[in-house]
Amino acid sequence: MRRLAALLLSPAPPLLLLAGVAAAAPPRPAPQCARTHEEAVELARTRGKLIFLTVVVDHDAENRAVVENVFRDKNFLKIAEEFVCVYANVEDQHGKVKTKGPDGKPLVRCADVPSIECRDHQGLAANWARGFYPSSDAKTPVHFVINAKEEVVETIMNGSFEQGFNHVPADEVVAKLKALLQKHGKGLSEEEYKGMQELLTDAKAARARNDVTLELQKLLPVVALAKDVEGVRGAQARVAEIDKEASKVLADAEVLVARGGVEEALDALAKVAAKYPGTLSAAAAEKDRKDLEGRPEVKRLLKARELYQEGLKLKEKGKADLARKKFETCVRVYADTKYGELAKKELGAAPSGG
Ligand SMILES: [Zn+2]
98 MRRLAALLLS PAPPLLLLAG VAAAAPPRPA PQCARTHEEA VELARTRGKL
148 IFLTVVVDHD AENRAVVENV FRDKNFLKIA EEFVCVYANV EDQHGKVKTK
198 GPDGKPLVRC ADVPSIECRD HQGLAANWAR GFYPSSDAKT PVHFVINAKE
248 EVVETIMNGS FEQGFNHVPA DEVVAKLKAL LQKHGKGLSE EEYKGMQELL
298 TDAKAARARN DVTLELQKLL PVVALAKDVE GVRGAQARVA EIDKEASKVL
348 ADAEVLVARG GVEEALDALA KVAAKYPGTL SAAAAEKDRK DLEGRPEVKR
398 LLKARELYQE GLKLKEKGKA DLARKKFETC VRVYADTKYG ELAKKELGAA
448 PSGG
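Numbered per my numbering, the sequence shown spans residues 98 to 451.
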């Protein structure tokens, strides 16, 4: 049977101070709900979740079915975790349950939704929920799905705003929420959010110390979360800013390439890649470096350098004969390079092996 006009218009009755006579009943399952609309919007914005707002009144079977059936449904409770849940009910006679806060202190909460107090859902009904109705017919029960900009993206209802509503069965609510989640994408879990905040704090500290490499190492995993939330957007913007700085350093290195200062250029490019890991400039520097190293004359120069440096190391260790062999090969094969010249000098300076 369809309930016609359950109105939200009744003014909030005075709060009865029942805290002292709290019932001992343990809390029953219900979604975790935000206490204020500001909290709900903040959670939606920072976690990238949609808001699932339920509007009900008491003393009506169809309205109570939302709390007694939908809110206790296991599948609903599971998918509800992917949304910021808000419960709006202008009445307050739900009984009280004892629960514990995050600090372990005992709390007295609404028996319908033990994460909040009756005065929270009264305030939400009176001051916020009404704003989502298309007309002044504030009928219930109804669910609004709202984005962080406080726009209604979906109304989950069984009936009409003119005629009134029956409750939407749990499996239908779950199916609608699943479809919305697929379309909108999952937000951040509390654990992911906490991890992101820690990375952002570390990135800020690295920035304060001018350690751009460490800053990037902290920012890049945040960017990789690829969620439309404040933290990720901030990290993206900062990485783009750093990349701009890196592109200037890259341009300087590329001038060295153009001038033909091969070793200087390779060093400068390697520095860009090492200092700005994960940026577009670092990728471009790596590519420039590989291209440069791929040139035949550069390959020869690097091989000559390798031989010459091996010779120097052997000389330092007192292995003069082995060192001489390296220098000789260097002179023979790479006489046209700078290192062929240097090796020749080494051979001239060394006491003859006899
Ligand atoms: Zn309540």
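All C-beta atoms, glycine included, are put in the ideal place defined by N, C-alpha and C.
Please confirm if the region 208-223 is in contact with the region 181-191, defined as three or more CB-CB distances below 8 Å between the two stretches. Result yes; three or more Cβ-Cβ pairs closer than 8 Å.
Residues bridged to cysteine 182 [DSSP beta-bridge criterion]: DSSP links cysteine 182 through a beta bridge to Cys130 and Phe149.
Threonine 310 beta carbon less than 7 Å from that of lysine 372: In this structure, lysine 372 sits near threonine 310, with a CB-CB distance shorter than 7 Å.
Please state the DSSP three-state secondary structure of serine 232. In the structure shown, the three-state DSSP call for serine 232 is coil.
Leaving aside the five residues before and after aspartate 170 along the sequence, list all residues of the same chain whose C-beta is less than 7 Å from its C-beta, in chain order. Within the same chain, aspartate 170 has close Cβ partners Ala267.
Pick from Leu322, Gly201 and Asn160: whose alpha carbon is nearest that of glycine 282? Relative to glycine 282, the option among Leu322, Gly201 and Asn160 whose CA is nearest is Leu322.
Environment of ligand 1 in chain order, Cβ to heavy atom below 5 Å: Result (chain order): His191, Cys207, Asp209 and Cys215.
Please confirm whether lysine 236 and leucine 285 have their CB atoms less than 7 Å apart. Against a cut-off of 7 Å, the Cβ pair of leucine 285 and lysine 236 comes out as no contact.
Only counting the same chain, and skipping five residues up and downstream in sequence, which positions put a Cβ closer than 8 Å to that of valine 336? Leu313, Leu316, Leu317, Val320, Gly375 and Thr376, listed in sequence order.
Where does serine 257 fall in DSSP's three states? In the three-state reduction of the DSSP assignment, serine 257 falls in the strand class, which pools E and B.
Chain-order list of residues whose beta-carbon lies under 7 Å from that of alanine 109 (same chain, five-residue window excluded): Residue placement at alanine 109 cannot be trusted, given a pLDDT of 44 that sits under 50; what the coordinates show is reported in the next sentence. Excluding residues up to 5 positions away in sequence, Val187, Gln219 and Ala223 lie with their Cβ nearer than 7 Å to the Cβ of alanine 109 in the same chain.
Whole-angstrom distance between serine 344 and serine 257, CA atom to CA atom: Near 58 Å, if we compare the C-alpha coordinates of serine 344 and serine 257.
Take valine 369 and list the residues in its own chain whose beta-carbon comes closer than 7 Å to its own, dropping the five residues that flank it on each side. Setting aside the 5 residues that flank it on each side, valine 369 is surrounded in the same chain by Ala343, Val346, Leu347, Ala350, Ser378, Ala379 and Ala382, each with a C-beta closer than 7 Å to its C-beta; the list follows chain order.
Assuming valine 75 contacts isoleucine 253 under a Cβ cut-off of 8 Å, what Cβ separation, rounded to an integer in Å, is found between them? This structure gives no information on residue 75, because the portion of the chain shown stretches from 98 to 451.
Rounded to a whole number of angstroms, what is the C-alpha to C-alpha distance between aspartate 364 and valine 354? Aspartate 364 and valine 354 have their C-alpha atoms spaced approximately 10 Å apart.
Beta-carbon gap between arginine 386 and leucine 399 smaller than 7 Å: No, they are not a contact pair.
Where do the ends of the alpha helix (DSSP H) carrying arginine 161 lie? Run containing arginine 161: 158-162, per the alpha helix (DSSP H) assignment.
For aspartate 469 and glycine 198, what's the separation of their Cα atoms in angstroms? Residue coverage of the chain in this structure runs from 98 to 451, which leaves residue 469 outside it and unanswerable.
If we require 4 or more residues per run, which alpha helix (DSSP H) segments fall completely within the region 263-344? As far as the region 263-344 is concerned, its whole alpha helix (DSSP H) runs of at least 4 residues are 267-281, 287-305 and 309-321.
Alpha carbon of leucine 404 to alpha carbon of aspartate 308, nearest angstrom: One C-alpha to the other measures close to 36 Å.
Can you tell me whether leucine 112 is buried or exposed? The criterion is at least 16 other CB atoms within 10 Å of its CB, across all chains shown. Low local confidence applies: a pLDDT of 46 at leucine 112 is under 50, so the model's placement there is unreliable, and no value is given.
At which residues does the beta strand (DSSP E) containing phenylalanine 241 begin and terminate? Counting along the chain, the unbroken beta strand (DSSP E) around phenylalanine 241 starts and ends at 239-243.
Alpha carbon of alanine 440 to alpha carbon of leucine 389, nearest angstrom: When rounded, the distance between both Cα atoms is 24 Å.
Give every residue of the same chain whose Cβ lies closer than 7 Å to the Cβ of alanine 245, excluding the five residues on either side of it in the sequence, and list them in chain order. Within its own chain, the residues whose Cβ lies closer than 7 Å to the Cβ of alanine 245, once the five positions on either side in sequence are excluded, are Val138, Ala141 and Arg142, listed in chain order.
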